[in-house]
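Numbering (the working numbering), first residue to last: 328 to 931.
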RNA sequence: GCGCCGGUAGCUCAGUUGGAUAGAGCAUCAGGCUUCGAACCUGAGGGUCGGGGGUUCGAAUCCCUCCCGGCGCGCCA
């Protein structure tokens, strides 16, 4: 019960974090906060100091006719004041200081909204802020340097990664990037089971293929492998069938056997499956996994192997702790977790009657270890098929003293592939599945990542292979965004060519930007920090992908229409301002793409 | 059967934590531009937000119920 592993050790100490305080900047336009104060003051004057001010919202309405911001305070107060919302709204408007330089116009609309128009200059202030913040625009400090661990992928080294793992890899990595941008100290971690039955079966599978290749064993017939109900032959043509009933059937198993045969010849005939075969398979599979992860720009700070939990005594320790909390009992030779005591729907086996723990016990031990190592909170990214197990780990860990609500799960559904309008059947058993490697080779890392995060984690992700492979880049959303970014560089190249100086943050004057489409782009740029924060807090990177597509959808047409607003014109002030706008758009697109781990090329 | 997640335009999906006339991409149709930062743009059609009740000023969003799809309900991981 103390398996060895050839694989990366679980670190016994907390990984070193950068001590330097990362420079941060939140140049979010103060406009909204000042408006917030303005409304707060108005409401206080209306309500008096004894009444509570409701949690009103200020949001940018979809419809530009409804102003730059809309406030819902009047509707929220209707019941409290026993007055019609529109009347209250009128009173609010009367209390606002209109024309003071912040608010240009305020009016009551619809069921009782107060719509606000800001003076155009308010948006112009944004430009120098964005340019000054540069790569930090959109970053913030709400994480307050707290340490959080994101655990994801965590596939066992029994074979290649599936598309589901690919989605999880990109999802987890993007969540980590978002958290880093919001001031958290993030550790990316990959946990894998390399002890126990699965790894034994893996070793046995390789051994069987090895013996088959040497003509000392017979492979089980395809038909028998495909049908779990079929009768399993002991021997075939006078040779023993050694391949395990539940063995790993992939071609990579034979490859591993082949490699062992090339290296060791026939000398491994008496080697047990658990020995060299298992170790070689684990090594080889892990090498493949890491190569695949590299190809999609997913990397980890820590690879944590289950086996180390055994050698470090964590498993025993955890079991003891559970015993002392009276959370286990023996039944029919097995050790059970009293999960119903914790409010769960059934009890679970922790140690099988064979004496070997199930995966649940190491899982609990591992989560305890996370907090022992100092993480303040923990995010587990998991596929929907593992969702049911999470409450057991969480409740049990909390019962043993892990801080409540500090273990969080992000669950995602599976990936399906659509090609030529029909769904591609993914079958692991048959050889008809598309691998991450194949997909990445076909569409590239950038498109792969963008497609994998553009949907929310809940619900299936249908990967449209045709759209992803679309060479017409205006149709491919990933490339559309990249193109918008590249175009800002194209404009700069043109400017340099014409001897026009690019504006810098300290001297940018955006006041020449007066067209509605220019103000709209500025507004959208101003929303970026909120998008990042919301995506980080909700662990929903897809918001960033959507936002980028929308900004690109404003920018590309703007630049496109070279007659109505050519960036480089003979009006120096206008040229200056528009070049500034281009730089601001570039900053946001570049930062947003970075959060998704997608490259921002200077030219396509 | 129970639990979790989904159901929004022909297709794939967003929808700012309950806001105003429900949006985007693709596809379709009708136009523009002919390489100048055109690898683009303008416009149109397309909806019982799965059905039904409820909560309230107001619901795709919250509650109840039913229907459909995915996943899970092991001494597998």
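Just so it is clear, CB atoms sit at the ideal spot from N, CA and C, and this is done for glycine as well. Model, not experiment: these values are computed from the prediction.
Is the beta carbon of residue i sitting closer than 8 Å to the one on residue j?
i	j	result
residue 581	residue 519	no
residue 1017	residue 848	No answer is possible for residue 1017: the residues shown for the chain start at 328 and end at 931.
residue 946	residue 804	Given a span of 328 to 931 for the chain in the structure shown, any question on residue 946 remains unanswerable.
residue 663	residue 672	no
residue 498	residue 779	yes
residue 445	residue 431	yes
residue 692	residue 678	no
residue 930	residue 822	no
residue 914	residue 878	no
residue 745	residue 791	yes
residue 486	residue 579	yes
residue 515	residue 366	no
residue 645	residue 687	no
residue 555	residue 568	no
residue 451	residue 837	yes
residue 484	residue 613	yes
residue 817	residue 871	no
residue 369	residue 419	yes
residue 400	residue 388	no
residue 811	residue 883	yes
residue 398	residue 441	yes
residue 741	residue 714	no
residue 651	residue 764	no
residue 363	residue 385	yes
residue 690	residue 720	yes
residue 611	residue 537	no
Residue i bridges to which residues according to DSSP?
i	result
residue 719	Paired residue(s): none; residue 719 is not in a bridge.
residue 710	739
residue 745	750 and 791
residue 436	440
residue 544	Residue 544 is not bridged to any residue.
residue 474	512
residue 561	Answer is none; residue 561 lacks a bridge partner.
residue 430	425 and 445
residue 661	658
residue 501	None; residue 501 has no bridge partner.
residue 386	397
residue 518	631
residue 567	562
residue 705	476 and 734
residue 678	662 and 684
Rank the options by C-alpha distance to the C-alpha of residue i and give the top, closest one.
i	options	result
residue 599	547, 529 and 631	529
residue 831	908, 929 and 537	908
residue 826	680, 491 and 896	896
residue 565	547, 649, 409 and 652	547
residue 684	641, 698 and 700	641
residue 659	370, 682 and 461	682
residue 602	789, 666, 551 and 532	532
residue 502	864, 886 and 898	864
residue 783	801, 766, 739 and 414	739
residue 573	741, 892, 527 and 537	527
residue 492	843, 898, 788 and 902	788
residue 885	575, 616, 840 and 719	840
residue 880	575, 807 and 891	807
residue 415	403, 424, 426 and 425	403
residue 359	921, 429, 379 and 375	429
residue 851	833, 875 and 860	875
residue 470	861, 377 and 894	861
Quick one: is the Cβ of residue i within less than 7 Å of any heavy atom of the ligand HEM?
i	result
residue 387	Annotation note on the ligand HEM: not contained in the displayed structure, which lists no ligands.
- Query: Looking at C-beta atoms only, is the number of pairs between the stretch 601 to 611 and the stretch 574 to 590 that lie closer than 8 Å three or more?
  - Reply: Short answer: they touch.
- Query: Fully enclosed by the stretch 606 to 657, which alpha helix (DSSP H) runs are 4 residues long or longer?
  - Reply: Assignment of alpha helix (DSSP H) within the stretch 606 to 657, counting only whole runs of 4 or more residues, yields 633 to 638 and 641 to 651 in chain order.
- Message: I'd like to know if the stretch 433 to 441 and the stretch 389 to 397 are in contact, where contact means that at least 3 CB-CB pairs between them fall below 8 Å.
- Response: The stretch 433 to 441, when compared against the stretch 389 to 397, does touch it at the 8 Å Cβ threshold.
- May I have a chain-ordered list of the alpha helix (DSSP H) segments no shorter than 4 residues that lie completely inside the stretch 843 to 923? Counting whole runs of 4 or more residues, the stretch 843 to 923 contains the alpha helix (DSSP H) stretches 843 to 864, 869 to 887 and 899 to 923.
- Message: Using a Cβ distance threshold of 8 Å, determine whether the stretch 586 to 595 contacts the stretch 535 to 545, with at least three qualifying pairs required.
- Response: Yes, they touch.
- Message: Can you confirm whether the stretch 914 to 926 touches the stretch 769 to 777 when touching is taken to mean that 3 or more C-beta pairs between the two stretches lie within less than 8 Å?
- Response: Because the criterion of three Cβ pairs below 8 Å is met, the stretch 769 to 777 and the stretch 914 to 926 touch.
- Message: Contact between the stretch 520 to 529 and the stretch 706 to 725 is defined here as three or more beta-carbon pairs at a separation below 8 Å; is this criterion met?
- Response: In this structure the stretch 520 to 529 does not touch the stretch 706 to 725; the number of beta carbon pairs closer than 8 Å is below three.
- Message: With a threshold of 8 Å, are at least 3 pairs of Cβ atoms found where one atom belongs to the stretch 695 to 712 and the other to the stretch 729 to 738?
- Response: Contact holds: three or more Cβ-Cβ distances are below 8 Å.
- Which ranges would you report for the alpha helix (DSSP H) in the stretch 571 to 607 if only whole runs of at least 4 residues count? The stretch 571 to 607 is shown to contain whole alpha helix (DSSP H) runs of 4 or more residues at 578 to 591, in chain order.
- Message: In chain order, what are the residue ranges of uninterrupted alpha helix (DSSP H) at least 4 long that sit wholly in the stretch 794 to 849?
- Response: Counting only unbroken stretches of 4 or more residues, the alpha helix (DSSP H) elements lying wholly within the stretch 794 to 849 are 804 to 824, in sequence order.
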